[in-house]
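Take a look at the structure set out below.
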Amino acid sequence: MAKSITQIRSLARSHTRTAINVLVGVMRSTSATPAARVSAANAILDRGWGKASQAIENGDGALELVHRIERIIVEPESLEGEET
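Residue numbers (the UniProt record's numbering): 1 to 84.
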């Protein structure tokens, strides 16, 4: 019988402590490859602090457009007299 997503999540979450302990063990292991140690360290940091924010490339002016749209929606009165 197929388990519901809620049941699967619950089951996975019940193994959180063990999973973190395994990651810490790999991270601290001098016999693990450097790539495995870094991967384990990143997984631990991501779960504890969230993923690092990603920079947005702004070569085509997209970020300025998003900021302009945001200003129009949030503070339309601040644009009075400004050319559109």
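We put the CB at the ideal spot given by N, CA and C, even for glycine.
For residue 67, the three-state secondary structure derived from DSSP is helix. Pairwise C-beta distances place the stretch 9-29 in contact with the stretch 38-57, as three or more of them are shorter than 8 Å. Membership of residue 16 in the alpha helix (DSSP H) is indicated by the continuous run 16-28.
For residue 75, there are no CB contacts under 6 Å within the same chain when 5 residues up- and downstream are skipped.
Looking at the backbone, the Cα of residue 4 and that of residue 70 are separated by about 39 Å. Taking the Cα of residue 47 as reference, the smallest distance to any Cα among 20, 6, 8 is reached at 20.
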